[in-house]
Each structure stands twice: as structure tokens, then as C-alpha cells.
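Visitor:
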Amino acid sequence: DAGVIQSPRHEVTEMGQEVTLRCKPISGHNSLFWYRQTMMRGLELLIYFNNNVPIDDSGMPEDRFSAKMPNASFSTLKIQPSEPRDSAVYFCASSPQDSGAQGTQYFGPGTRLLVL
Amino acid sequence: KNQVEQSPQSLIILEGKNCTLQCNYTVSPFSNLRWYKQDTGRGPVSLTIMTFSENTKSNGRYTATLDADTKQSSLHITASQLSDSASYICVVTGDNAGNMLTFGGGTRLMVKP
Numbered sequence: 175d176a177g178v179i180q181s182p183r184h185e186v187t188e189m190g191q192e193v194t195l196r197c198k199p200i201s202g203h204n205s206l207f208w209y210r211q212t213m214m215r216g217l218e219l220l221i222y223f224n225n226n227v228p229i230d231d232s233g234m235p236e237d238r239f240s241a242k243m244p245n246a247s248f249s250t251l252k253i254q255p256s257e258p259r260d261s262a263v264y265f266c267a268s269s270p271q272d273s274g275a276q277g278t279q280y281f282g283p284g285t286r287l288l289v290l
Numbered sequence: 016k017n018q019v020e021q022s023p024q025s026l027i028i029l030e031g032k033n034c035t036l037q038c039n040y041t042v043s044p045f046s047n048l049r050w051y052k053q054d055t056g057r058g059p060v061s062l063t064i065m066t067f068s069e070n071t072k073s074n075g076r077y078t079a080t081l082d083a084d085t086k087q088s089s090l091h092i093t094a095s096q097l098s099d100s101a102s103y104i105c106v107v108t109g110d111n112a113g114n115m116l117t118f119g120g121g122t123r124l125m126v127k128p
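Line by line, the protein sequences are chains A and B.
Take 175 as the starting number for the first sequence in our numbering and just add one per residue.
Take 16 as the starting number for the second sequence in our numbering and just add one per residue.
1. List, in chain order, every chain A residue whose beta-carbon is nearer than 8 Å to that of B/Phe-118.
2. For the putative contact between A/Val-193 and A/Ser-256, defined by C-beta atoms under 8 Å, what is the C-beta separation to the nearest angstrom?
3. Can you list, in chain order, the residues of its chain whose CB lies under 8 Å from that of B/Gln-18, leaving out five sequence neighbours each side?
4. Measuring alpha carbon to alpha carbon, tell me which residue in B/Leu-36, B/Lys-72, B/Asp-82 is nearest B/Thr-122.
5. Is there a Cβ of chain A sitting closer than 8 Å to that of B/Met-125, yes or no?
6. So, with DSSP's three-state summary, where would you put A/Pro-228?
7. Taking only runs that begin and end inside the segment 196-278 of chain A, name each unbroken beta strand (DSSP E) of 3 or more residues, in chain order.
8. Below 8 Å, can you find three or more Cβ-Cβ pairs linking the segment 94-111 of chain B to the segment 179-193 of chain A?
9. For A/Met-243, is the classification buried or exposed, using 16 other Cβ atoms within 10 angstroms of its Cβ as the cut-off for buried?
10. Going by DSSP, which residues form a beta bridge with B/Met-65?
11. What separation, rounded to the nearest whole angstrom, lies between the Cα atoms of B/Asn-47 and B/Ala-79?
12. Could you work out which residue in B/Gly-119, B/Pro-128, B/Gly-109, B/Met-115 is closest to B/Pro-44 when comparing CA atoms only?
13. Would you mind telling me which residues of chain B sit closer than 9 Å to A/Gly-284, beta carbon to beta carbon, in chain order?
14. So if DSSP puts B/Asn-135 in a beta bridge, which residue, or which two residues, is it bridged to?
15. Is the shortest distance between the beta-carbon of B/Gly-31 and the beta-carbons of chain A less than 8 Å?
16. Does B/Ser-46 have its Cβ less than 8 Å from a Cβ in chain A?
17. Identify the contact partners of B/Gly-121 in chain A, using a Cβ-Cβ distance below 9 Å as the criterion.
18. Buried or exposed for B/Met-115, please, with buried defined as at least 16 other CB atoms from any protein chain shown within 10 angstroms of its CB.
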């Protein structure tokens, strides 16, 4: 199994531009999580999907952030417009069917975002 | 407010020595507690996950303990290796819809030869 796949691995963009991060969860996993990690705030859960349905988006910082999961094998996290304070590493994680937020999560390698 | 506090923030030990990392939490109601290892530049990897009824769980040289009464957990690393150098993150899951995941700030461990 290839594990959780994220793209791009690195992204440098200018303030105001739209940024789209992509994630392919492990096949058969029905729960998907988006996280943000910074030195100041550590690891933060942004949003969690179960069976492609958003269950908890209380961690999404503001309306500039949106996430979709159109099918079981793909999710996107979009920032529009991006700001320098969005610079962070964004992780996607997936968890086996029916475990939801209770089970073991398998993390992708992350996308390092730098907004200038 | 749900909180997870980890100590120490950072730790340096010599290769071959043992060490213990601490995690105190206030999450209630409690569902489970996990320890993750995160190597620099990589995503976290799960080491252990413990529920209310479990008070110890091992994964190779890593042993996690849980005292649900005092709301404390520890991660003990035996015979440390250079590859143990990483950040170790404690994550507590609550047991209701509004009680998702609460993360500790992590302990950064450096193992020196």
C-alpha cells in the first residue's frame, strides 16, 4: 500500500493567490482528516470527513478555508485568498472504516506551504 | 477547557539510556489516548493507542502507561537509539461529538551518540 498521498509536497505562493492541497487516503479507509502544523501552535485538526461527509469543521480557521471530499479516494483543502499567516505544513490522515476519530490515523507526508 | 500538557518540552539523552515523557490531560469524557512519533520533515506515526480500561501498552522499545484516574500518561523509551530522535506527540480523544482530538505540544527528543 502506498500510504496516504499528498500533493504538492511543497508550495510557494504569493499573498492573495488561491492554493489547493490534495490528498488521496489509503484505499478502504473511510475517515479522512486535514491538519495544520506550525511551530507556534503545534498540530491542529482542521476538518474531519467520514464516508465523504464533513463531520466536524470547527477547526477550520475562517471562510478562506474550504475542504471537499467528492469521493472516497480524493479530498482537497483550498485556501482563497491565501495570507502569509497560512504558512504551515498541512497534513492529511486517514483512518480505517468505522473507526472515525477513535481509531489509528495514518498520516501523509504533508504539504509545506509558504505564502509570501 | 480540554487541554493536553506534555513535559518536558525538549530532552537530550545519550544513546542507550532510557527516558520517560509525560502527558497530562483534562479532556472529559475520555475515549482514548495516543502517542505519535514525528520525525523531522515527516508526518506523525502512531506508536500506541490506549482506551480507558488499558493501563499499559508496548510497541517494541516504547511502553505507554495510562492512569485514567489522575489523567496522566507516560511514554517510556528503553535503550534509546539515534533513530529515536524525534518529536513525540500525545493526543487525547473525547467521547462525544463536541470532544474531538486535543493535541499536546509535543516533546522534542534528541539522542546523542
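Idealized CB from N, CA, C, for every residue including glycine.
Guide: On the basis of the supplied data:
1. Gly-216, Leu-217, Glu-218, Leu-219
2. 5 Å
3. Tyr-40, Thr-41, Val-42, Thr-117
4. B/Leu-36
5. no
6. strand
7. 203-212, 216-224, 227-230, 239-245, 248-253, 262-270
8. no
9. buried
10. B/Leu-48
11. 12 Å
12. B/Gly-109
13. Gly-56, Arg-57, Gly-58
14. Nothing can be reported for residue 135 of chain B, as the shown portion of chain B is limited to 16 through 128.
15. no
16. yes
17. Gly-216, Leu-217
18. buried
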